[in-house]
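Student: A single structure is presented below for examination.
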Amino acid sequence: MWRCALVPLLRYPTVDELGARAAALVARRPQDARLRRVGTSRAGTPLWLLSVGHGVRQALVVAGPHANEPVGGATVLRLAERALADPRLTEGADATWNLLLCLDPDGLRRNEGWLPGPYTLGRYFRNFFRPGFMEQPEWLPDGAAGAALPETRTLLDLQDELRPFLQCSLHGVDVGGGFVELTHDLPGLARRVAHTAARLGVPRELGPYDTLYWPSLGPAVYRIPPPQPGDLAAAITEAAVESTWFHPYRHGTVTAVVEAPMWAVDAVADGSPPADGTAVLRTVSHTLRHDARRLADLLARIRPHLAGVPDAARLLAPVDDYLLVCPGLADTWDPDITAGARPLPPLSTAHLAALRIAGRRLALRTAGLLHQLVTRAGRDQARVRADLDRLIDEWCADYRDGCGARWIPVSRQVEYQSRVVLAAFELAGRQASARSRSGEPGWGSEAAVPMHRE
Numbered sequence: 002m003w004r005c006a007l008v009p010l011l012r013y014p015t016v017d018e019l020g021a022r023a024a025a026l027v028a029r030r031p032q033d034a035r036l037r038r039v040g041t042s043r044a045g046t047p048l049w050l051l052s053v054g055h056g057v058r059q060a061l062v063v064a065g066p067h068a069n070e071p072v073g074g075a076t077v078l079r080l081a082e083r084a085l086a087d088p089r090l091t092e093g094a095d096a097t098w099n100l101l102l103c104l105d106p107d108g109l110r111r112n113e114g115w116l117p118g119p120y121t122l123g124r125y126f127r128n129f130f131r132p133g134f135m136e137q138p139e140w141l142p143d144g145a146a147g148a149a150l151p152e153t154r155t156l157l158d159l160q161d162e163l164r165p166f167l168q169c170s171l172h173g174v175d176v177g178g179g180f181v182e183l184t185h186d187l188p189g190l191a192r193r194v195a196h197t198a199a200r201l202g203v204p205r206e207l208g209p210y211d212t213l214y215w216p217s218l219g220p221a222v223y224r225i226p227p228p229q230p231g232d233l234a235a236a237i238t239e240a241a242v243e244s245t246w247f248h249p250y251r252h253g254t255v256t257a258v259v260e261a262p263m264w265a266v267d268a269v270a271d272g273s274p275p276a277d278g279t280a281v282l283r284t285v286s287h288t289l290r291h292d293a294r295r296l297a298d299l300l301a302r303i304r305p306h307l308a309g310v311p312d313a314a315r316l317l318a319p320v321d322d323y324l325l326v327c328p329g330l331a332d333t334w335d336p337d338i339t340a341g342a343r344p345l346p347p348l349s350t351a352h353l354a355a356l357r358i359a360g361r362r363l364a365l366r367t368a369g370l371l372h373q374l375v376t377r378a379g380r381d382q383a384r385v386r387a388d389l390d391r392l393i394d395e396w397c398a399d400y401r402d403g404c405g406a407r408w409i410p411v412s413r414q415v416e417y418q419s420r421v422v423l424a425a426f427e428l429a430g431r432q433a434s435a436r437s438r439s440g441e442p443g444w445g446s447e448a449a450v451p452m453h454r455e
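The sequence shown begins at 2 in this note's numbering and counts up one residue at a time.
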């Protein structure tokens, strides 16, 4: 019997390598694996779906929804290898694994300046790319009917075709810890996540900033609230926007968003009460405002010199988005602003560490994108490159020395994410079987429970 050698991945695969490795798996096991083109990106790149097994129950795993989070591509290759090597994951579960190799291949290509390594914070942020909020394929700001991106339409069509019992969206945290977000509770998942994280030395993020107002289903596992309208900052920090995570809810699909960190910070796993949370919040919010003003000033100097710069509009879109939301986020976290502000929930040391990391992340991403704009212009007419280099080096040093950020090898990131997906697969499969046996009618067709009533 053919057995798959689970070769450790030492670096992230590129878009072309993902397709080549998937094709090689199919060539070795054509009776068990299939590769089909399910769509085309905005730039004409094929969107490939690798399917393993012939079971009736469908699992859908989506890699690369965010361009700067490449771990998912390596993870789907590992999951395919495991499904081919272990019949319990296919025949034994009457399941087919449907693995979308990369939802945003065009964006992933723009990150290839850092994908091969060496993996340093400075190299990552100077070559970072992630499209503006309106160009992120999992987000449905105008609802499913109004989805315009071809990548989004491909995913929506797949969801409606497969009606999966489980959907896993694979994400990566650049600095922080691992956590999971669910549209439905999977009892037992928090314990599985804790075991996997401990075995692999991955800190669990006990207070991610985007789950501040979300119900907790256990340490590092959070319930995604139903979509609700709101402004841009509120959508990021307070509630789930309309998204492809909830689109298959009508089919009874459990969606799990699985976050795996690149650089780990142990403080995000510290659930103890902070010594002086108010002082930390004040520092974090004031720092974010100060950094955003500095970056806005640099942008104002750069913008007049961008005529004719290749891809300037694509790089400016996320810059403008980040600078737009920074003041609102700073106000949300500032203990000195109370008028009209939504009260923060009780915060642990982990929450405060996550907020500090998040504020610094926005500044570093913006600085990195501005650095690329200056580099692509060819000449530093605004005389800002030295300032940007200094800020990037200073803020990366804060991550490394101030937060204790440490690199997690790619193979360990992939192993962590793979094990969490396999745990979700097992637990969601049990739930689906129980529902089928009980004959419960209309499961998943009811309205989602409002967050305040959970």
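Backbone N, C-alpha and C fix where the C-beta goes; we use that ideal spot for every residue, glycine too.
On a predicted model such as this, the values are computed, not experimentally measured, just so you know.
On the premise that Ser273 lies in contact with Thr1, defined as a C-beta separation below 8 angstroms, what is that separation, rounded to the nearest angstrom?
Tutor: The first residue shown for the chain is 2 and the last is 455, placing residue 1 beyond what the model contains.
Student: Suppose you measure from the CA of Tyr210 to the CA of Leu356; what does that come to, to the nearest Å?
Tutor: Cα-Cα distance, rounded: 6 angstroms.
Student: Taking Arg377 as the reference, which of Ser419, Ala429, Ile358 and Asp312 has the closest Cα?
Tutor: Looking at the Cα atoms, Asp312 is the closest of the given residues.
Student: DSSP three-state label for Ala64, please.
Tutor: Note: Ala64 maps to coil in three-state DSSP.
Student: Excluding the 5 residues flanking Gly65 on each side, which residues of the same chain have their C-beta closer than 6 angstroms to its C-beta?
Tutor: The answer, listed in chain order, is Gly73, Gly74, Cys103, Leu104, Asp105 and Leu109.
Student: Could you check whether the region 385-405 touches the region 34-44, counting it as contact only if at least three pairs of C-beta atoms, one from each stretch, sit closer than 8 angstroms?
Tutor: The region 385-405 is not in contact with the region 34-44.
Student: Under 9 angstroms, do Val320 and Leu300 count as touching if we go by C-beta distance?
Tutor: Their beta carbons are under 9 angstroms apart, which means Val320 touches Leu300 by this criterion.
Student: Any chance you could list the beta strand (DSSP E) runs of at least 3 consecutive residues sitting entirely within the region 252-279, in chain order?
Tutor: Listed in chain order, they are 255-265.
Student: Identify every residue that forms a DSSP beta bridge with Glu182.
Tutor: Answer is Tyr223 and Val258.
Student: Which residue spans inside the region 354-417 form an unbroken alpha helix (DSSP H) run of at least 4?
Tutor: List check, alpha helix (DSSP H) in window: 386-398.
Student: Going by other Cβ atoms of all chains shown within 10 Å of its Cβ, with 16 needed for buried, is Ala368 buried or exposed?
Tutor: Result: buried.
Student: Any chance the region 171-188 sits against the region 196-205, with 3 or more Cβ pairs inside 8 angstroms?
Tutor: Touching, yes, given that three or more Cβ pairs across the two stretches are closer than 8 angstroms.
Student: Would you list the residues sitting across from Leu51 in a DSSP beta bridge?
Tutor: In the DSSP output, where bridge partners are listed per residue, Leu51 has Leu36 and Leu100.
Student: Looking at Tyr214 and Arg343, is the spacing between their C-beta atoms short of 9 angstroms?
Tutor: Yes, these two residues count as a Cβ contact at 9 angstroms.
Student: Round the Cβ separation of Gln168 and Thr256 to the nearest angstrom and send it over; I've been treating them as touching at under 8 angstroms.
Tutor: Gln168 to Thr256, Cβ: 4 angstroms. Contact.
Student: Assign Val176 to one of three DSSP states: helix, strand, or coil.
Tutor: DSSP places Val176 in strand when its eight states are reduced to three.
Student: Could you please give me the residues that DSSP links to Thr41 through a beta bridge?
Tutor: According to DSSP, Thr41 bridges with Pro47.
Student: Could you pull the start and end residues of the alpha helix (DSSP H) that Tyr120 belongs to?
Tutor: Tyr120 -> no alpha helix (DSSP H), and no H or E assigned at all.
Student: Check the C-beta distance from Thr279 over to Pro336 and give it rounded, since I have them as a contact under 8 angstroms.
Tutor: So it is a contact: roughly 5 angstroms between Cβ atoms.
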